[in-house]
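Here the protein sequences line up with chains A, B, C and D, keeping their order.
Count the first sequence with my numbering and you get residues 999 to 1445, in order.
Count the second sequence with my numbering and you get residues 999 to 1445, in order.
Count the third sequence with my numbering and you get residues 999 to 1445, in order.
Count the fourth sequence with my numbering and you get residues 999 to 1445, in order.
Glycine included, C-beta positions come from ideal geometry on N, C-alpha and C.
Only a predicted model underlies this, so the values are computations on that prediction, with no experimental measurement involved.
There are 4 protein chains.
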Amino acid sequence: MAQGEPASHRRLFERVLSVRNRAPADESLRVALTCEALLSETSEVSGLRLATEILHAYGTLDDAARDTFFDLLLTRFSPDRNAIASAVAAYSRDPGPAQLVDLRAAVESPRQELFRRLNMAPGGTRALVAMRRQLLRTIGDHPQRLAIDADLSHLFRSWFNRGFLVLQRIDWRTSALVLERLIRYEAVHQIQGWHDLRRRLEADRRCYAFFHPALPDEPLIFIEVALTADMPERVWPLLDPDSEVVDPSHARCAVFYSITNCQDGLRGVSFGNFLIKQVVQDLGNEFPRVRTFATLSPVPEFRKWLEHVINAGTEQRPSAQFAALLATTDVSALADDGITPELRNEITRLCAWYLLCAKENGEPLDPVARFHLANGASLERLNWMGDPSPQGMRRSLGIMVNYVYRIADVERHHEAYAREHRVIASHQFERLAKRSSGTVKFRISED
Amino acid sequence: MAQGEPASHRRLFERVLSVRNRAPADESLRVALTCEALLSETSEVSGLRLATEILHAYGTLDDAARDTFFDLLLTRFSPDRNAIASAVAAYSRDPGPAQLVDLRAAVESPRQELFRRLNMAPGGTRALVAMRRQLLRTIGDHPQRLAIDADLSHLFRSWFNRGFLVLQRIDWRTSALVLERLIRYEAVHQIQGWHDLRRRLEADRRCYAFFHPALPDEPLIFIEVALTADMPERVWPLLDPDSEVVDPSHARCAVFYSITNCQDGLRGVSFGNFLIKQVVQDLGNEFPRVRTFATLSPVPEFRKWLEHVINAGTEQRPSAQFAALLATTDVSALADDGITPELRNEITRLCAWYLLCAKENGEPLDPVARFHLANGASLERLNWMGDPSPQGMRRSLGIMVNYVYRIADVERHHEAYAREHRVIASHQFERLAKRSSGTVKFRISED
Amino acid sequence: MAQGEPASHRRLFERVLSVRNRAPADESLRVALTCEALLSETSEVSGLRLATEILHAYGTLDDAARDTFFDLLLTRFSPDRNAIASAVAAYSRDPGPAQLVDLRAAVESPRQELFRRLNMAPGGTRALVAMRRQLLRTIGDHPQRLAIDADLSHLFRSWFNRGFLVLQRIDWRTSALVLERLIRYEAVHQIQGWHDLRRRLEADRRCYAFFHPALPDEPLIFIEVALTADMPERVWPLLDPDSEVVDPSHARCAVFYSITNCQDGLRGVSFGNFLIKQVVQDLGNEFPRVRTFATLSPVPEFRKWLEHVINAGTEQRPSAQFAALLATTDVSALADDGITPELRNEITRLCAWYLLCAKENGEPLDPVARFHLANGASLERLNWMGDPSPQGMRRSLGIMVNYVYRIADVERHHEAYAREHRVIASHQFERLAKRSSGTVKFRISED
Amino acid sequence: MAQGEPASHRRLFERVLSVRNRAPADESLRVALTCEALLSETSEVSGLRLATEILHAYGTLDDAARDTFFDLLLTRFSPDRNAIASAVAAYSRDPGPAQLVDLRAAVESPRQELFRRLNMAPGGTRALVAMRRQLLRTIGDHPQRLAIDADLSHLFRSWFNRGFLVLQRIDWRTSALVLERLIRYEAVHQIQGWHDLRRRLEADRRCYAFFHPALPDEPLIFIEVALTADMPERVWPLLDPDSEVVDPSHARCAVFYSITNCQDGLRGVSFGNFLIKQVVQDLGNEFPRVRTFATLSPVPEFRKWLEHVINAGTEQRPSAQFAALLATTDVSALADDGITPELRNEITRLCAWYLLCAKENGEPLDPVARFHLANGASLERLNWMGDPSPQGMRRSLGIMVNYVYRIADVERHHEAYAREHRVIASHQFERLAKRSSGTVKFRISED
């Protein structure tokens, strides 16, 4: 801990005290001044007390006061430009190791040390994750706050390192406190209360989550798995809370049907690929007869892409009939039996083409595809009306896709994707996409 | 994770493979090249595999190979001087936020990201702490490796933040795995096997340790406490494994008679003050009748100081009789009853003066005094022949000191010490020191 | 384990095997024969296998087959009358210790040993508790099965001894498996789903349950406590799932508002008094400022008693007006504001008289009163319209009573009740009851 | 709980009080009178208080007072002879179910209810187990106390039913409290302190124990297993605390080299067969490549038998040379290399004969043989000088035996033993024994 210069320390302390007696409007200033006191505190025990005080006070700030506080974090806790300037000058004159140490110290944001010290307080990690969540909400209007976010994000990547995470199986023996959070967080296929959740934790299901020891009872990410006889085409039978529970020992397939990042405050700190890898391994040990590890995933940006290409005048674009249908907000007619085979063929072909060939900077446009393909999965099968729920229709036109994780191939597929962005797909899938390809190889990303 | 440039990635990979087939003499180079592959890896899952591989291989290196590896960490994973130079130049031209970001990235040591990635592997944290322990042993001969240490130390300060530590009470119900480590680690008063340890965990004793979730069963620091009727003068009755166990509910005093940092690899990451604070609090709750929280501490550098001042020609120096005695390596004669009251008075006066007045840069010379006084304790009592063990005689001439933690005063005392390095002592202690003071105020630190 | 005579053992085994191949109609006979094999088995390991087999087969019996099995338990596993007769004769001739041992062995029901052996199987205890639950349902029609019940009940009293029970606090961190059972079991004030349960486990509430180690996750009895400022008159504010949570540190009163025995199969094995005693102690330690430990209890047999005395021609009987009201099944009119003060006075007086003076065999008629008074509580206050819910009106005419547990008096009150069935009540309560008393001391129990 | 007759209850209470004030010589009477109060107590909560008081007072009794207390248990808490007589008379007149209930009640020892009530107190089970341990020590001199033992033993068989036991793996992560007890209890091959114990818990060993939930940290029985490449002939390499730890994944054999019943107070309540069965199952799951489950067991009564048959004039008796050697107390000469092959052959043949053919009531004379053979093991191999330790030589003449548990055969072997006391042995073993058999089939049991 840096040695505080006694005299200035005393002055600061007096300033804090005087501010403490002012009107509540100054609350955020008071918090910021206590933060300064914390940064110059030489005793870790006193620092702990100050940190506790700050987090408590921060928790009581309203939106406006928090806004002011974020501004103060920028104005008072950013690196000192003069200090940087002289460190830069010194290094330019003589680029030795001592100068480098000074330069590094000068450019490091004092906020990082501030956040590390705040973390010492009981509940510190939780409070900082919440602070970033609140900060991120304001960043659209205050892009300069990205500098604050960079500091928090840097720390979180270090603190939430895979080496510190704990994988836990979630089942009906798990505490209600955790289960209630699953209900609240689930983002892919909403959990309709406790009855629904209970079904998702029965003997033919598995649910795993990553936890961090400093955030007990707080899942960071969780995945829901169904153990089935075959690789399923449709998601709603898996979501039916009254479906029959089957004997998992007969299962040949493990379906990852939902994966949810729980903490907005940890956005950008990735857990998903570790989670899938670990779960594939654990399930493989528990169920040696399970051979297929597959997802049942949406194609969440398919419709957006279609609407984009309608006007792009390229070959890969919807027919007039399809375009007319897309023009109506409600595409639920697609789910009807009355739809012509031609239209259905057209849509599935377009979707296969979208997943395999529509790219940006060499990578698939679709975010779900990017995630699984980069993880080493392959595109296996396209399922017509796999999810005819309103959300499924609105975003994916009801289509769902199975990505498959083959243990023996995952690493090789990942390498191929990492080096050349090569997308691995089944023959069936490639044939489907090819039928859609015209003579001109169109790439949306080349616009 | 930064996007690896595919082509160079491939070349690197081929280099790694070719190295893999070479002679075992190249083992450390192979490890270093795999480290480069890990740094440029874009898949976290593949990164995890590489990290596991590296830590395994590192674990098999002999001393010589490890030495080579540390050199490679310096030559291959230090910041790029050219990159720094151009970032410095860019910032000098236009000190905007984007230039600052680039500058910060340029000065950060790639080792930090390397260590973060290594930490992802199972047992990663443990392996990195061991790596730093091994590194520190070589630093005397290789001061340039301080740069590596700075990176590890920076990460450990962040990872072993107080907010991530867990306080645990240690008793006879604790696992043998942990207890065995206490026996091995105890540095102040050696534990003579299981029988001795058992006595230190009886009903009239308390033992607490900090743990980190990523290092299960591995104490970071522990403290041993005796619950006694009065503040004790001598340490050996506390250390007697066959002493009678007393009813702790009658205790009025809690004596901290040993505090040990367990992990050489975490040197400089301080836990002690948090531990004492927490333990004082917990004991206060458990035993409301305990009023005195005191240490029974050695004066580990007293004799060294005496030998230093013998020749310094200052007023505070040993008498001829005492100097003659100090000249003999073995000072055990002091423990005899035959020693004259004059000599005893002289020694205790000198010791009191040493603790209160001998300073360097305004702080007490004695490291134990510095630790407790900075924590807010006060110097209470000096105990003649408190520890006549060979080690106690050799370092402290058998003297022990009680530092006292008074809950109501701790913060104020700490402030006084932090601002002005004011040392708080009992009247008795001050009087003792004064009798030793001549007219000229001598300060060892003013030499 | 008694030594089986090899030859008969073999014959039995063959009989079992032959039965195994018969039609499913013989399933209950097959189970009974396997029970005989179990009783004569000399190897504990083989016995364990048989026990497992029996419990599995028993679990698949339908109602009719179970009925047959209970009959077989009577006919095949009751003490042997001839053996008793000769043991009785032998003892009559020579009442020595050996004869006593033989006599005791002859009268002990072989079912007890059978049940002890069944208990060895995994899940044995759970299965036997379920068996008794099923048995008890049939006892009305088959009073001779009380002999089977006596055996199970004897074992359960021994196995569910207080010394083997574990008290656990239930809160929102408890597993969903246990919480779901609370919802299902709660008998006093139904829990309306998870939202309701969550409120009952907030910071100003406490819930405790007894568990037995052989029945993990299975509460035997649980009690719900509200921490309040004052002793409450009405129950519905406590039951409102949307009521505000108050700071428990301000509480002065702990209200036991619900206590539920969960296991029909453990009927007659009492846990309630231990639970209340323990909870009073634990709460007293956690909240030293809580001075009043009170119940808010129904008067469940008040209305039944009223209907009984209407025609009894005694002094303590409803007025004509009240009698008319009681004659209508729906007494919800009582909850209206329009009810005359006279009628209200009459009802409360009668209720006080009922609780204090209506007795049978010297003990209060009301079962809730008997339970709490025998535990050492006293009758404190009668609350008009404490529970105007349909069930509250139907049984208690909406009246609720506070019984109070005063730590200092509990033992003395219990003694007074145990020796002389003296009922301790507040002055207010006694005055209320007295106004109801006519000149002739009527006791319902004296009819 | 039976309703106490108030008046007599009061008199009893007064008697207890008056006794309380007498001299300490009456302490055991005071305890006994409090026991009477406990038996007639109608409140379970007051009962709990009395039980706690009794156990505390019992714990302070010295040997003499405890002796008096055991006598009081006989005189004051045995069944009432007059009550039995009239119940017997009533049953003789009319053997109906009501009379049977009365007869059963009359013959049951009041001590059983007393012990059940004592068990309710905290630590009750532990105290009762200790009481039986102390009782058993006195039974040789007081055979009439077998009646007390019968009551305790009956309860313990019920309470320590297999269904209530918990199997736990013991390793170096187990609490020191438990491990210290293993060191103290180990009866087969003494554990020489913590260093020795640690070796027995390394990666190539397994240790399991049964616990009862009411006796936490108190092992009831434990077994030590070594994972080895082959079935071992000698025990000392397994006991060498400095032997090398081998990789357990290569093991083909699991050797049970020690099994210890820990609680003298639970003598006669058998756990061993369940333990072995469970451990064979668990090890089979953990190490699928382990095919052989074998013991390495002493032949503890071999030498005693030899000394017995020397004078019996039968064919199976030691040669003159051997008899001379046996006559010397110290048989350590056998362990020398100088011993003639003839003598060695004679001894091994006699030992094989002893194990296979020396019987009493149809069962093997050797208690270890009886235990394993009844469990379904078979006699596999006899190992010359398997245990040349002083105890091994003194009892087994250094011979050790491998009994083998073959999962597929265990049940069949057990049946054969249970029905006909057939002893299953390897061909090698039978041949060895046969060479020892003369023409006249001698059975020690036929004397």
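With contacts defined by Cβ atoms closer than 8 Å, Val1267 of chain B and Arg1155 of chain B form a contacting pair.
Residue ranges of uninterrupted beta strand (DSSP E) with 3 or more members, entirely inside the stretch 1347-1415 of chain C and ordered along the chain, are 1376-1381, 1398-1403. With fewer than 16 other Cβ atoms from the protein chains shown falling within 10 Å of its own Cβ, Leu1165 of chain C counts as exposed. Between the alpha carbons of Ala1356 of chain B and His1152 of chain A lies a gap of roughly 44 Å.
Tyr1255 of chain C is a Cβ neighbour of Leu1236 of chain C, given a cutoff of 8 Å. Under a 10 Å Cβ-count criterion, Glu1242 of chain C is classified as exposed, with fewer than 16 other Cβ atoms of the shown protein chains found around its own Cβ. Secondary structure at Pro1239 of chain D: coil, using DSSP grouped into helix, strand and coil.
Around the beta-carbon of Asp1092 of chain C, fewer than 16 other beta-carbon atoms lie within 10 Å, marking it exposed. Around the C-beta of Ala1049 of chain B, 16 or more other C-beta atoms lie within 10 Å, and the residue is accordingly described as buried.
Close partners of Met1118 of chain A in chain B (Cβ separation under 7 Å): Asn1159, Arg1160, Gly1161. Across the stretch 1029-1041 of chain D, CB contacts with chain C closer than 9 Å involve Glu1039, Thr1040, Ser1041, in sequence order along the chain.
Sequence-ordered contacts of the stretch 1102-1114 of chain C with chain D read Arg1102, Val1105, Glu1106, Arg1114 [C-beta pairs closer than 8 Å]. Taken through DSSP and simplified to helix, strand or coil, Leu1324 of chain B comes out as helix. For Glu1409 of chain C, the chain D residues whose Cβ falls inside 9 Å of its Cβ are Ser1041, Val1043, Ser1044, Arg1047, in order along the chain. When the beta-carbon positions are compared, Ala1174 of chain D and Trp1234 of chain B stay at least 8 Å from each other. Between the beta-carbon of Gln1110 of chain C and that of Asp1149 of chain C there is about 5 Å, and that keeps the pair under the 8 Å contact cut.
The beta carbon of Thr1123 of chain A does not come within 8 Å of any beta carbon belonging to chain C, so the residue lies off that interface. Take the alpha-carbon of Leu1053 of chain B and the one of Phe1113 of chain B: they are about 11 Å apart. Thr1058 of chain D has a beta carbon lying at 8 Å or more from every beta carbon in chain B. Out of D:Ala1292, D:Asp1262, D:Arg1265, the CA that lies nearest to the CA of Ala1249 of chain D is found in D:Ala1292. If you check the CB distance, Leu1046 of chain B and Met1118 of chain B come in under 8 Å.
For Ile1082 of chain A, the three-state secondary structure derived from DSSP is helix. If you compare the alpha carbons of B:Arg1204, B:Arg1160, B:Arg1410, B:Gln1190 with that of Pro1211 of chain B, the shortest gap goes to B:Arg1160. Under the three-state reduction of DSSP output, Ala1224 of chain A falls in the strand class. Counted as a single uninterrupted DSSP element, the alpha helix (DSSP H) harbouring Leu1101 of chain A occupies residues 1095-1105.
The straight-line gap separating the alpha-carbon atoms of Leu1059 of chain A and Thr1346 of chain C is approximately 53 Å. No residue range can be given for Ser1424 of chain A, since it is assigned to no beta strand (DSSP E) and is classified by DSSP as neither H nor E. Judged by their CB atoms, Leu1395 of chain A and Val1307 of chain A are not nearer to each other than the 8 Å cut-off. The CB of Ala1212 of chain C never comes closer than 8 Å to any CB in chain A; the least such distance is about 17 Å. Boundaries of the beta strand (DSSP E) harbouring Cys1205 of chain D: 1203-1209, taken from the DSSP string. Judged by DSSP in its simplified three-state form, Ile1308 of chain C adopts helix. Of all residues in the stretch 1285-1311 of chain B, none is placed with a Cβ closer than 9 Å to any Cβ belonging to chain A.
For Leu1165 of chain D, the enclosing beta strand (DSSP E) covers residues 1164-1167. Neighbours of Leu1098 of chain C in chain D, taken as residues at a C-beta separation under 8 Å, are given in chain order as Pro1077, Ile1082, Val1105.
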